[in-house]
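Right, one structure below, let's go through it.
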DNA sequence: AATGAATGAGGATTCATTCAT
DNA sequence: TATGAATGAATCCTCATTCAT
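Residue numbers (UniProt numbering), protein chains in the order written: chain A, 1 to 205; chain B, 1 to 205; chain C, 1 to 205; chain D, 1 to 205.
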């Protein structure tokens, strides 16, 4: 085994390019091999930087993962809130949101896979990945229920079920390898509307 | 290797008691700390046996996990198929199955958590934990669709969505720590029926 | 992993058959996989007996190996002494002995391989496998030298060289997989005579 | 895996000093106790470094051993080829080579012992330790035979015998603990010339 | 800031040996 | 006698993290 001679430290113009490189390397590797099977050394190598540099951006391997997961969650929550804020009937907004969800999913395919591979990574506040998405769903559900657009029910449980639906739809859709199929969103929307919304949902705004 | 003197070996009357002890220790520890954070040594200690004994029952740590996961899957699939075979309308059978699912869930609380923590543990046939459950759902959905009891849709996607619902309902319900609440099953059944079944479902048998 | 039900202990008519079975299994396995890569369990299984039974015949894994090695050594030493005791000139006896050696080699192919794989297994008296063979050679050399049939030289060193020749011839011949080629023995004899013996060797008896 | 806090790391000026330390520790320990009885931990301790550091220089325990063995082989082959290339009669060159061999042997006493202890360690190309030396002998033998300086014979077998002689001479000489005795080389050369060379060898160049 | 050598605890797995049955 | 379950020390190797350069 040949030992490498140390290379010179290079000053990078854009420090964010390193952060990005780490992020992308991590997404790729975690997704391909699973969190536990990827070492920081691998990530550093893939990112083209030194091990120590990874630690300049992330305190531990776990916080790196968390940061990544929070990123996807953010994307979903933001998009869902945004779609939900559109004008239109509840039915239309549900429909729009389902499509929005799948769009975000398409943009974050790898990370999503990761999100699903690591359900047991708890955040420091005791929450789990997905919790914020579920919470957003709960807010929307509650609002809709209050105006009679969705069926009565325990908001938490309903949100959990709805969230599960979304997760199930996305994850399996990913595995089937058909990310372009827009019908997935429509189909989800259909079940969503039938399962949670009242007839009035198509009238109420 | 240096010569080793084993200490006293005890002969157990019931060899299954060891298997059980391993199983229970593993469930407990995996659930509490996550698969990756539990060593075989911990399991052995918790089970009150020697490390080597664990390996008499399970070839590797991974096969131990897989055996456990397959166990839960079996329980669910068996129960679902059994409930589905009951006489009655499709609506009734869905209702019954939802309750059945939660009963099984109650009997396998810890394992369930585990099932959800380890989505990335692939079986030797390339399938993932949950696949068999999802498959069972697909079979039932297809059957119902063929007789007009459930909405038209892509069977795979519908099954994925339905499976997600179930998983979402159970997992979150577990975290809320209310396993006695029978309403969870009812609520799930409600959404299930509204989301997937046609009006005719309450007539058809 | 299925656990086997214990089978009944069988009373064997001939206890030596077990000893033989162990011996043969050990030869085969050690030869194929190397001493360190063969467990007592493997040997027992191959021999069709229980682990504990192996220990009825051999105190430790190492003594088992030693017993085997001593067996081959015995075969060689015995044959060499026997061939050497024949009537005839020294040259003829050398010739005969070389053929004898290869005959023994043919009868102990596997063990020979083993003998060569495990040069570092010291016997309790501090000797190494091969030492007794070398010693036998030394005796013969000394005798021949005393009567002027072989060149003058340090008996130990000469024996070592001669022993090395034999070992080299046999081992490589084994690897070339040509155990039927009688010329190997002749060739060895030729070098032997030229290298060690005097012209008078073909006259002296 | 649990989080670990590494202790102080020291930066060595000369990275080769570690490689050397590993090498020397390994030679010593392997030689004394045998490859299988020496753990990487022992080597690291003896070398005064951490276990992980050993792995920076050698991928596995086996490649460490192989690297060592190849080193000795190289030394022998190089020296033999160099001595053989000298001007002079074949007889003189044989004589010179024998002395050269023993010089190399003196410089690699411990490694030699190791070389002989581990005949069963196959290299990735299927060859065994010693094969390259034997091959070099074969080349020289063939050349000499072609010009009539050595007896006719199968080159492979002759090389094997010659190689065995050398090995026998060196190994046993090592065990007798007389590395300073220059006669060993002379004696080997004597047998070599008598055993393999023709009378013409002292004339031919 | 960047580098990557060094650390060593930790973990999965093996296996010689014992001994209750 | 024979069996094989049970033991647990020992081993190889990995990798998160630190810090001297």
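C-beta: ideal position from N, C-alpha, C; glycine also.
- Query: Does the beta-carbon distance from residue 22 of chain D to residue 57 of chain D come in below 8 Å?
  - Reply: Start at 1 with the first residue of the fourth chain, and residue 22 of chain D comes out as number 22. Start at 1 with the first residue of the fourth chain, and residue 57 of chain D comes out as number 57. Yes, they are a contact pair.
- Using DSSP with H/G/I as helix, E/B as strand and the rest coil, what is residue 127 of chain B? As a first step, residue 127 of chain B must be located in the second chain, where it is residue number 127. Coil, per DSSP.
- Query: Just the Cα atoms here: how many angstroms apart are residue 164 of chain C and residue 41 of chain D?
  - Reply: By one-based count along the third chain, residue 164 of chain C stands at place 164. By one-based count along the fourth chain, residue 41 of chain D stands at place 41. Residue 41 of chain D has its alpha-carbon roughly 35 Å from the corresponding atom of residue 164 of chain C.
- Query: Which chain D residues are close to residue 172 of chain C, counting only those with a beta carbon under 9 Å from its beta carbon?
  - Reply: Start at 1 with the first residue of the third chain, and residue 172 of chain C comes out as number 172. Correct list: 134, 156, 157, 159, 160, 161, 163, 164.
- Simplified DSSP assignment, three categories, for residue 215 of chain C: With chain C represented from 1 up to 205, any question about residue 215 of chain C goes unanswered, as that position is not in the structure.
- Which value, in whole angstroms, describes the spacing of the CA atoms of residue 99 of chain C and residue 19 of chain D? Looking up residue 99 of chain C in the third chain gives position 99. Looking up residue 19 of chain D in the fourth chain gives position 19. Approximately 49 Å between the Cα atoms of the pair.
- Message: Counting only C-beta atoms, is residue 38 of chain B closer than 8 Å to chain A at any point?
- Response: As a first step, residue 38 of chain B is located in the second chain; it is residue number 38 there, counting from the start. Residue-level contact check: residue 38 of chain B does not touch chain A, since none of the beta carbons of chain A fall below 8 Å from its beta carbon.
- For residue 150 of chain A, which three-state DSSP category applies? The residue you call residue 150 of chain A lines up with position 150 of the first chain. Residue 150 of chain A: strand per DSSP, three-state reduction.
- Report yes if the CB atom of residue 197 of chain B is closer than 8 Å to the CB atom of residue 149 of chain B, and no otherwise. Looking up residue 197 of chain B in the second chain gives position 197. Looking up residue 149 of chain B in the second chain gives position 149. Their beta carbons are under 8 Å apart, which means residue 197 of chain B touches residue 149 of chain B by this criterion.
- residue 194 of chain D at chain C interface by Cβ criterion, 8 Å: Position 194 of the fourth chain holds residue 194 of chain D. Among the residues facing chain C, residue 194 of chain D is included, as its CB has a counterpart in that chain under 8 Å away.
- residue 153 of chain C: contacting residues in chain D (beta-carbon distance under 7 Å): Stepping through the third chain from its first residue, residue 153 of chain C is reached at position 153. Chain D residues near residue 153 of chain C: 187.
- Message: Between which residues of its own chain and residue 84 of chain B is the CB-CB distance below 7 Å, once the five residues before and five after are set aside?
- Response: By one-based count along the second chain, residue 84 of chain B stands at place 84. 93, 97, 140.
- Message: Taking the alpha helix (DSSP H) that residue 165 of chain D belongs to, which residues open and close that run?
- Response: Taking the fourth chain and counting its residues from 1, the one referred to as residue 165 of chain D is at position 165. From DSSP, the alpha helix (DSSP H) with residue 165 of chain D extends over 155–175.
- residue 190 of chain B to residue 152 of chain A, Cα distance in whole Å? Counted from its first residue, the second chain places residue 190 of chain B at position 190. Counted from its first residue, the first chain places residue 152 of chain A at position 152. Roughly 11 Å separates the two Cα atoms.
- Task: Alpha carbon to alpha carbon, how far is residue 36 of chain A from residue 188 of chain A? Give it in angstroms, no decimals.
- Result: Walking along the first chain from the start, residue 188 of chain A turns up at place 188. Walking along the first chain from the start, residue 36 of chain A turns up at place 36. Cα to Cα, residue 188 of chain A sits roughly 33 Å from residue 36 of chain A.
- Alpha carbon to alpha carbon, how far is residue 39 of chain A from residue 70 of chain D? The residue you call residue 39 of chain A lines up with position 39 of the first chain. The residue you call residue 70 of chain D lines up with position 70 of the fourth chain. Going by the C-alpha atoms only, they are around 32 Å apart.
- DSSP on residue 215 of chain B, reduced to helix/strand/coil? What is shown of chain B runs 1 to 205, which leaves residue 215 of chain B out entirely.
- Query: Hey, how far is the Cα of residue 224 of chain C from the Cα of residue 28 of chain D?
  - Reply: The displayed coordinates of chain C run from 1 to 205. Any statement about residue 224 of chain C would go beyond what the structure contains.
- Item | Rounded straight-line distance, which links the Cα of residue 44 of chain A to that of residue 30 of chain A | Here residue 30 of chain A corresponds to residue number 30 of the first chain, with the count starting at 1. Here residue 44 of chain A corresponds to residue number 44 of the first chain, with the count starting at 1. Taking the CA atoms as reference points, residue 30 of chain A sits about 13 Å from residue 44 of chain A.
- Message: Can you give me the C-alpha to C-alpha distance between residue 52 of chain D and residue 78 of chain C, rounded to a whole angstrom?
- Response: Taking the fourth chain and counting its residues from 1, the one referred to as residue 52 of chain D is at position 52. Taking the third chain and counting its residues from 1, the one referred to as residue 78 of chain C is at position 78. Roughly 51 Å separates the two Cα atoms.
- What residue from B:130, B:63, B:17, B:26 has the CA that sits closest to residue 166 of chain B's CA? The residue you call residue 166 of chain B lines up with position 166 of the second chain. Per the Cα distances, B:130.
- Message: Taking CB distances under 8 Å as the criterion, tell me whether residue 290 of chain C reaches chain D.
- Response: Since the first and last residues shown for chain C are 1 and 205, residue 290 of chain C lies out of range.
- Query: Nearest CA to the CA of residue 50 of chain C: which residue from C:201, C:107, C:25, C:199?
  - Reply: Working through the third chain from its first residue, we reach residue 50 of chain C at position 50. Looking at the Cα atoms, C:25 is the closest of the given residues.
- Item | Integer Cβ distance of residue 201 of chain B from residue 102 of chain B, believed to fall under 8 Å | As a working note, residue 201 of chain B is residue 201 in the second chain. As a working note, residue 102 of chain B is residue 102 in the second chain. Taking the Cβ atoms as the reference, residue 201 of chain B lies roughly 20 Å from residue 102 of chain B, outside the contact range of under 8 Å.
- Message: Please confirm whether residue 191 of chain A has its beta-carbon closer than 8 Å to some beta-carbon of chain B.
- Response: Walking along the first chain from the start, residue 191 of chain A turns up at place 191. Chain B contact via Cβ: present.
- Using a Cβ cut-off of 8 Å (strictly closer), state whether residue 184 of chain D contacts chain C. Your numbering for residue 184 of chain D matches position 184 in the fourth chain. Output row for residue 184 of chain D: interface = yes.
- Item | Local Cβ density within 10 Å of residue 72 of chain D, reported as buried at 16 or more and exposed below that | As a working note, residue 72 of chain D is residue 72 in the fourth chain. Burial call: buried.
- Query: Residues in the UniProt domain "HTH tetR-type" (16–76) of chain B with C-beta within 7 Å of chain A's C-beta atoms, listed in sequence order?
  - Reply: Under the 7 Å Cβ criterion, the UniProt domain "HTH tetR-type" (16–76) of chain B contributes 34, 36.
- Query: Is residue 179 of chain B close to chain A, meaning its C-beta is less than 8 Å from at least one C-beta of that chain?
  - Reply: For the purposes of this step, residue 179 of chain B is taken as the residue at position 179 of the second chain. Legend: pLDDT at residue 179 of chain B = 44, less than 50; position of this residue unreliable, no value from coordinates given.
- Just tell me which of A:123, A:133, A:95 has its CA closest to the CA of residue 112 of chain A. Along the first chain, one-based indexing puts residue 112 of chain A at 112. For residue 112 of chain A, the closest C-alpha among the options A:123, A:133, A:95 is that of A:133.
- Can you tell me the Cβ-Cβ gap for residue 109 of chain A and residue 156 of chain B, rounded? I've got them flagged as a contact below 8 Å. Residue 109 of chain A sits at position 109 when you count from the first residue of the first chain. Residue 156 of chain B sits at position 156 when you count from the first residue of the second chain. Contact flag wrong, Cβ pair sits at about 18 Å.
- Put residue 59 of chain D into one of helix, strand or coil per three-state DSSP. Reading the fourth chain from its first residue, position 59 is the one you call residue 59 of chain D. Per DSSP, reduced to three states, the secondary structure at residue 59 of chain D is coil, with no helix or strand assignment.
- By how many angstroms is the C-alpha of residue 138 of chain D removed from the C-alpha of residue 55 of chain D? For the purposes of this step, residue 55 of chain D is taken as the residue at position 55 of the fourth chain. For the purposes of this step, residue 138 of chain D is taken as the residue at position 138 of the fourth chain. Taken atom to atom, the span from the alpha-carbon of residue 55 of chain D to that of residue 138 of chain D is near 37 Å.
- Query: Could you give the distance in angstroms between the alpha-carbon of residue 193 of chain C and the alpha-carbon of residue 67 of chain D?
  - Reply: Here residue 193 of chain C refers to the residue found at position 193 of the third chain. Here residue 67 of chain D refers to the residue found at position 67 of the fourth chain. Approximately 38 Å, taken between the alpha carbons.
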